[in-house]
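Residue numbers (the numbering used here): 1371 to 2220.
Virtual Cβ for every residue (Gly too), placed ideally from N, Cα, C.
Below is one structure, written out as structure tokens; comments come after it.
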């Protein structure tokens, strides 16, 4: 008699809430959507009492009351998590009805919550039902449509026996031919992240091999640790159900350069020969410039963690929550930097967010957790291991990324331990000396106080170097270890151009350095002294140079530096970072103050532009799969006319007080949207008995550029927002770190859109301004002049340099340059054309936009 085959165990989980089933990948948080915490399903709830999906023991109940973990009777752990980012509510709106150690039965009430209050303040109310023991999952299924709490099945999980958890996935195996890596600096962070992201799309296990070494191809850090250089040969090996497809796709990406377009590190960041002067410490140029100051040693306060944990389930949940909060912090930081048009900084912190998804970092931490380590100790162990691996590589680019791993590690440890963010006030006039700085340390430096940076670690291509360059702070990296012995307050001369830090300089040396500094200042002062003059090309074409602002104080500063008006006032800064919308009187006062700074010039106020990456806590907005293509800009305001009417009345009242205000409508896609918004303006003007101000269209989407002639019939002016126009034309998210290098406003397709808008405006003699990031890009200025735009609106510090760039230009020559650029095939070709044009100019280009 043959033995009866034993069926695998099944875990059936009831719906913990009434609501609609939503697949995990639809949850607007990568911690859940990418199944980092566990696998399962989400529910869009219509009830407000969370019920136990099965019988078992409560192993962890979060103090904030928004989440808990059960150990089912079969030993499998199940997490329930109400909403997204709800940990930041700190318990408001939640009431736990159980605590750790309690036995519960299926259908028992676990948490009561105020659904309306939570929904108003959380990113989403989607509630997750997850099996966190993912190694026990053989397969799972869930229904679609609506479910009833405590009655309907929400998840059915077929379990593996624990011993079988490590069995390889069924399917075939495949390997590629030897692939020659074409990337100029090898597989550093950006191409490695593209490869890891692509590998994650496949179910198969995927390895990247270089010689005898191999790495998990789904891990960014593991790929970088292979230290693959240009010209190295690698092999892709996969095993699993889609192995052949994985190898074919990843091999194709590697041979194509993994979407990397950047050149090797620029020659302006060389490794300099060591000086024979014992007072001179040598290093690598990270950010050019010359500074004179006093030394100040940067020493970070260590974060201490307990080694032993309270058990794997508890510590696993703690780490998951800390990762969730760290991602939320980085998303907020990235959004703010994007809003400030600082794409380089935004991309750096976007890459940090990617590191929090790295499977090998998480795997090492999970191994430590299983051995009894605390969440902090496990995460610290994982980050130290990877940072050490990268720092030992004979590759400056990859070794520099060890600092990014340390930075991410510190962020999560701070959250786990509750340690406060270090608030540092550095002495005025100091040159900062450190073993290493992280991007988070560097991003907050004040260039008015910190005159230079020198580190023992890092390199010319590190993210810290990029940040120092964006701040205009001279910096050296890879300085001799003697740097750390320099006492605080010692006089220093940092010559980052030559790669030296001179200690104990003589009076003559200090004076010579001051003379060089004075020359650079004179060049800047020449631009400043002429900043109030009109900007005319050499052949007489007048270009107005105005300022982009967000507050009245910025308007006054812009006027002092020579701005000829305000080309873009981002009124959303009045609405952000507050609990309620600004009143009509408050808005009126703000707009009137801005207009007062420019009594003889116009101030263009863009009405509230939210949606996409800008969310107001007091404005309930539906969850959207793609908010950048949903309700944002004018289409959102037309759905909430009371907000728009209040703002329009405030603008009309401010204009009545004497301001030369203009109104700009954002994200207009067609004539109907513009007509609807303009009708509200005219209606409010009639009610107040005032003349309506000029009203314009922001050209940010291709449809508006293509319909320029139609829009110009009814609009008084156009303002081209190149940041959004670029991302919508190229279909690339400008906040995505993997795509940031390719989102270039000098792409020929974007230039063609601008040309189309200008030609449309000219049919009705309407002026066209450019207020996006391209207006402050000195390489873009001759192209925009050649495309016949009338105005450039830039950040206030860039006004003098942009005016100087206009004066260097010849309109006729710029028109020919623009014609050739529009016929080019890529942004790289366009920038090469501009470089050739500037080289042929009889006056050398000078200065950079701040």
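On a Cα-Cα basis, can you pick out the residue from the options that is closest to residue i?
i: residue 2120; options: 2154, 1856, 2133; result: 2154
i: residue 2090; options: 2062, 1518, 2159; result: 2159
i: residue 2221; options: 1396, 1493, 1950, 1389; result: Absent from the model: residue 2221. The displayed extent of the chain is 1371 to 2220, so no value can be given.
i: residue 1386; options: 1432, 2006, 1941, 1499; result: 1499
i: residue 1690; options: 1670, 1654, 1746; result: 1746
i: residue 2057; options: 1919, 2016, 1615; result: 2016
i: residue 2005; options: 1927, 2023, 1741, 2040; result: 2040
i: residue 2127; options: 1826, 2081, 1780; result: 2081
i: residue 1938; options: 1544, 1864, 1916, 1950; result: 1916
i: residue 1780; options: 1799, 1753, 1795, 1801; result: 1753
i: residue 1673; options: 1603, 1783, 1724; result: 1783
i: residue 2037; options: 2001, 2190, 2050, 2014; result: 2001
i: residue 2098; options: 1448, 2077, 1920, 2123; result: 2123
i: residue 1723; options: 1774, 1881, 1743; result: 1774
i: residue 1411; options: 2189, 1436, 1512; result: 1512
i: residue 1942; options: 1963, 1924, 1980, 1967; result: 1980
i: residue 1913; options: 2115, 2157, 1571; result: 2157
i: residue 1852; options: 1694, 1956, 1820, 1653; result: 1653
i: residue 1874; options: 1856, 2167, 1570; result: 1856
i: residue 1552; options: 2149, 1624, 2195; result: 1624
i: residue 2073; options: 2053, 2052, 2095; result: 2095
i: residue 1651; options: 1413, 1850, 2010; result: 1850
i: residue 1951; options: 1974, 1565, 2012, 1924; result: 2012
In the DSSP output, which residue or residues are listed as bridge partners for residue i?
i: residue 1479; result: 1421
i: residue 1861; result: 1664
i: residue 1497; result: 1413, 1452
i: residue 1835; result: Answer is none; residue 1835 lacks a bridge partner.
i: residue 2088; result: 2067, 2138
i: residue 1950; result: Residue 1950 pairs with nothing; no bridge assigned.
i: residue 1674; result: Partner(s): none; residue 1674 has no beta bridge.
i: residue 1902; result: None; residue 1902 has no bridge partner.
i: residue 2176; result: Answer is none; residue 2176 lacks a bridge partner.
i: residue 1918; result: 1938, 2165
i: residue 1427; result: 1441, 1473
i: residue 2054; result: In DSSP, residue 2054 forms no bridge with anything.
i: residue 1516; result: 1390
i: residue 1545; result: 1607
i: residue 1380; result: 1528
i: residue 1975; result: 1939, 2033
Check this for me: beta carbons of residue i and residue j, under 7 Å apart or not?
i: residue 1841; j: residue 1866; result: no
i: residue 2033; j: residue 2067; result: no
i: residue 2193; j: residue 1897; result: no
i: residue 1495; j: residue 1453; result: yes
i: residue 1573; j: residue 1610; result: yes
i: residue 1679; j: residue 1862; result: no
i: residue 1468; j: residue 1428; result: yes
i: residue 1517; j: residue 1501; result: no
i: residue 1740; j: residue 1749; result: no
i: residue 1918; j: residue 2141; result: yes
i: residue 1839; j: residue 1661; result: no
i: residue 1978; j: residue 1960; result: no
i: residue 1383; j: residue 1529; result: no
i: residue 2021; j: residue 2014; result: no
i: residue 1507; j: residue 1665; result: no
i: residue 2162; j: residue 2150; result: no
i: residue 1492; j: residue 1549; result: no
i: residue 2295; j: residue 2010; result: Residue 2295 lies beyond the residue range present for the chain, which begins at 1371 and ends at 2220; the question has no answer from this structure.
i: residue 1606; j: residue 1509; result: no
Using beta carbons (cut-off 7 Å, strictly below), is residue i in contact with chain B?
i: residue 1604; result: In the structure shown, chain B cannot be found, because there is only a single protein chain.
Closer than 6 Å to a non-hydrogen atom of the ligand ADP - does that hold for the CB of residue i?
i: residue 1847; result: The ligand ADP is not part of the structure shown, which contains no ligands of any sort.
Original post:
Which ranges does the alpha helix (DSSP H) cover as unbroken runs of at least 4 residues, wholly within the region 1987-2047, from first to last along the chain?
Top reply: Taking only runs of at least 4 residues, the alpha helix (DSSP H) segments lying wholly in the region 1987-2047 are 2004-2009, 2011-2026.
**OP:** Count the C-beta pairs between the region 1410-1430 and the region 1471-1483 that are closer than 8 Å, then say yes if the count reaches three, no if not.
**Re:** With a cut-off of 8 Å, the region 1471-1483 and the region 1410-1430 count as touching, because enough Cβ pairs lie within range.
**OP:** With a floor of 3 residues, list each beta strand (DSSP E) that falls wholly inside the region 1560-1636, ordered by position along the chain.
**Re:** If we require 3 residues or more, the beta strand (DSSP E) runs fully inside the region 1560-1636 come out as 1575-1580, 1583-1586, 1603-1610.
Original post:
Within the chosen definition, does the region 2040-2050 reach the region 2066-2082 through at least 3 CB pairs nearer than 8 Å?
Top reply: Taking 8 Å as the limit for Cβ pairs, the verdict is that the region 2066-2082 does touch the region 2040-2050.
**OP:** For the region 1803-1811 and the region 1612-1622, state whether three or more C-beta atom pairs, one from each stretch, are separated by less than 8 Å.
**Re:** No, the region 1803-1811 does not touch the region 1612-1622.
Original post:
If you pair each beta-carbon of the region 2131-2142 with each one of the region 1894-1913, do three or more pairs fall below 8 Å?
Top reply: No, because fewer than three Cβ pairs between the region 2131-2142 and the region 1894-1913 fall closer than 8 Å, the two stretches do not touch.
Subject >> Sufficient close CB pairs (3 or more, under 8 Å) joining the region 1961-1972 to the region 2199-2206 >> reply: Contact between the region 1961-1972 and the region 2199-2206 is absent: fewer than 3 CB-CB pairs across the two stretches fall below 8 Å.
**OP:** May I ask you to verify whether the region 2161-2175 touches the region 1898-1907, counting CB pairs closer than 8 Å and requiring at least 3?
**Re:** Here the region 2161-2175 makes contact with the region 1898-1907; the two share three or more CB pairs at distances below 8 Å.
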